[in-house]
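To start, the structure under review is shown below, and the notes come after it.
There are 2 protein chains.
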Amino acid sequence: MQNDPIEHLIALLSRLPGLGRRSARRAVLKMLMDPAGKMLPLADALRAAADAVRPCEVCGNLDTVSPCLICRDPHRDRKLVCVVEGVADLWALERAHTHHGTYHVLGGLLSALGGTGPEDLSITPLLRRIEDNGMEEVILALPATVDGATTAHYLTDRLKPTGIAVTRLAQGVPIGGALDVLDDGTLAAAFKARRPL
Amino acid sequence: MQNDPIEHLIALLSRLPGLGRRSARRAVLKMLMDPAGKMLPLADALRAAADAVRPCEVCGNLDTVSPCLICRDPHRDRKLVCVVEGVADLWALERAHTHHGTYHVLGGLLSALGGTGPEDLSITPLLRRIEDNGMEEVILALPATVDGATTAHYLTDRLKPTGIAVTRLAQGVPIGGALDVLDDGTLAAAFKARRPL
């Protein structure tokens with residue numbers, strides 16, 4: 001009885017992080033009880049987001065405009081840039097309401113095992129932004145993992161000639177933990193207690 | 001930076017059972033990394049399911065055809081009908097591969113508190129199906145809750161004049177438990193050990 005369109009939908013939904021096959025099935029059934037009220041609005045919202053959202057040409061954030069609203073915000077301190085691995089970390093920091101500067105999304109971390117080198121990350125654009133804007137501080141908000149530490153180390157070396165202050169989040173980020181699953185309070189505390197590398 | 005289309009999508013997704021706000025946000029971010037490969041196919045699948053799926057005019061199952069594939073299946077025993085509260089329970093029983101008869105979806109349970117009376121449920125169509133098909137057994141696969149027991153009691157009374165055998169699932173269904181979250185083995189065992197009311 002569970003034929004193609006339903007099974008196909010369950011399969012796609014269960015691939016999302018946080019949804020197993022069982023919860024995907026429950027979600028689909030709930031939506032099928034009211035297709036016009038629940039299913040079509042979600043389909044429209046997905047399409048609207050896919051059409052509207054693009055990466056910010058300056059910092060790499062995802063937004064409906066490029067440059068993104070953070071890069072356009074005149075109240076943001078352009079002398080201060082916070083470097084993150086990905087957009088999830090940027091959003092997590094925004095929810096913590098502690099950073100009043102700008103961001104730079106690396107798009108990954110250096111990884112010998114994963115074969116990710118400096119040329120795979122947005123490092124040259126970062127150096128150019130620092131120079132063009134006369135930036136004064138780079139905050140490395142990278143995860144407390146081996147790859148995170150390697151990347152922080154590499155960036156510190158690359159940034160040394162520019163004379164810019166390089167800081168990192170305070171210890172307080174759990175070892176091996178991802179930034180975007182931290183509670184906002186811990187994240188804000190670690191951000192405030194950042195110290196020079 | 002999280003502006004309308006993204007926030008709107010997160011809000012819709014987080015209303016699905018099993019997805020909180022945090023996991024909805026993670027799911028959206030993951031999809032935004034690959035809109036064409038992840039987001040649009042899901043939008044299409046939702047629309048396809050919403051367009052294709054309808055309730056079966058005979059039993060109330062959800063399928064792309066009406067009568068549904070179970071009602072059309074010549075190998076199904078038409079003398080045997082299994083009465084369930086909702087489509088989720090029907091699907092759960094199908095996954096347990098134990099029932100070779102047909103189904104009847106009540107569309108709810110009698111509930112004094114919830115104000116659900118017999119006229120709100122698909123009871124008259126059930127009585128008509130039993131009569132028209134000369135059915136021999138009704139299996140009441142209703143949850144082991146107060147409302148489930150009330151409904152089973154009411155149906156037994158209504159079915160008595162027809163002389164049809166009325167059975168219910170064996171004890172083994174946890175008290176207060178919903179059918180569609182049971183593991184398939186327990187469900188199959190309870191189904192096989194059903195006994196007359």
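First to last, the protein sequences are chains G and F. So that you can map any letter, position 151 of the first sequence is 151 in the UniProt record's numbering, and since no number is skipped, the others follow by simple counting. So that you can map any letter, position 53 of the second sequence is 53 in the UniProt record's numbering, and since no number is skipped, the others follow by simple counting. Beta carbons: idealized from backbone N, C-alpha and C, even for Gly.
For residue i and chain G, any beta-carbon pair shorter than 7 Å?
i, result
"Val166 of chain F", "no"
"Ser14 of chain F", "no"
"Met1 of chain F", "Below a pLDDT of 50, predicted positions are generally treated as unreliable, and Met1 of chain F, at 41, falls in that range; the measurement from the model is reported next regardless. By this cut-off, Met1 of chain F is an interface position."
"Arg47 of chain F", "yes"
"Lys30 of chain F", "yes"
"Glu57 of chain F", "no"
"Arg158 of chain F", "no"
"Leu62 of chain F", "yes"
"Gly18 of chain F", "yes"
"Leu40 of chain F", "yes"
"Ala141 of chain F", "no"
"Thr35 of chain F", "According to the sequence as given, residue 35 of chain F is Pro; it is not Thr. At least one chain G Cβ lies under 7 Å of Pro35 of chain F."
"Ala112 of chain F", "no"
"Ala27 of chain F", "yes"
"Ala144 of chain F", "no"
"Ala50 of chain F", "yes"
DSSP state of residue i, grouped into three classes?
i, result
"Ile70 of chain G", "helix"
"Ser23 of chain F", "helix"
"Thr124 of chain G", "helix"
"Asp34 of chain G", "coil"
"Ser111 of chain F", "strand"
"His99 of chain F", "coil"
Would residue i be called buried (16 or more neighbouring beta carbons within 10 Å of its own) or exposed?
i, result
"Leu106 of chain F", "buried"
"residue 198 of chain F", "Here chain F has residues from 1 to 197 only, and residue 198 of chain F is not among them."
"Thr124 of chain G", "exposed"
"Thr162 of chain F", "exposed"
"Ile70 of chain G", "buried"
"Ala193 of chain G", "exposed"
"Ala141 of chain F", "buried"
"Asp157 of chain F", "exposed"
"Asp132 of chain G", "exposed"
"Arg47 of chain G", "buried"
"Ala190 of chain G", "buried"
"Met1 of chain G", "For Met1 of chain G, the predicted model reports a pLDDT of 41, less than 50, meaning its position is unreliable; a value from the coordinates is still stated below. That one is buried."
"Ala11 of chain F", "exposed"
"Ala49 of chain G", "buried"
"His104 of chain F", "buried"
"Pro17 of chain F", "exposed"
"Gly86 of chain G", "buried"
"Ala112 of chain F", "exposed"
"His99 of chain G", "buried"
"Ala92 of chain F", "buried"
"Lys38 of chain G", "buried"
"Asp184 of chain F", "exposed"
Is there a Cβ from chain F that is less than 7 Å from the Cβ of residue i?
i, result
"Val53 of chain G", "yes"
"Arg129 of chain G", "no"
"residue 203 of chain G", "No statement about residue 203 of chain G is possible, as the shown extent of chain G runs from 1 to 197 and does not include it."
"Ala170 of chain G", "no"
"His104 of chain G", "no"
"Gly107 of chain G", "no"
"His8 of chain G", "yes"
"Arg21 of chain G", "no"
"Ala152 of chain G", "no"
"Pro5 of chain G", "yes"
Looking at the ligand COA, does it come within less than 6 Å of residue i, judged from the CB to the closest heavy atom?
i, result
"Val84 of chain G", "Summarising the ligand content, the structure contains no ligands, and the ligand COA is consequently not present."
Taking 7 Å as the CB-CB limit, is residue i close to chain C?
i, result
"Ala96 of chain F", "In the displayed structure, chain C is absent; the protein chains listed are G and F."
Worksheet entry | Near-chain F residues of the region 72-102 of chain G - C-beta to any C-beta below 7 Å | Listed in sequence order: Val87, Ala88, Trp91 and Glu94.
Practice prompt. Taking only runs that begin and end inside the region 132-190 of chain G, name each unbroken beta strand (DSSP E) of 3 or more residues, in chain order.
Written response: 137-141 and 165-168
Discussion item. Please list, in chain order, the residues of the region 179-195 of chain F that have any C-beta partner in chain G closer than 7 Å.
Written reply: none
Discussion item. Quick check for students: name the residue ranges of the alpha helix (DSSP H) that lie wholly in the region 41-97 of chain F, counting only runs of 4 or more.
Written reply: 69-72 and 87-95
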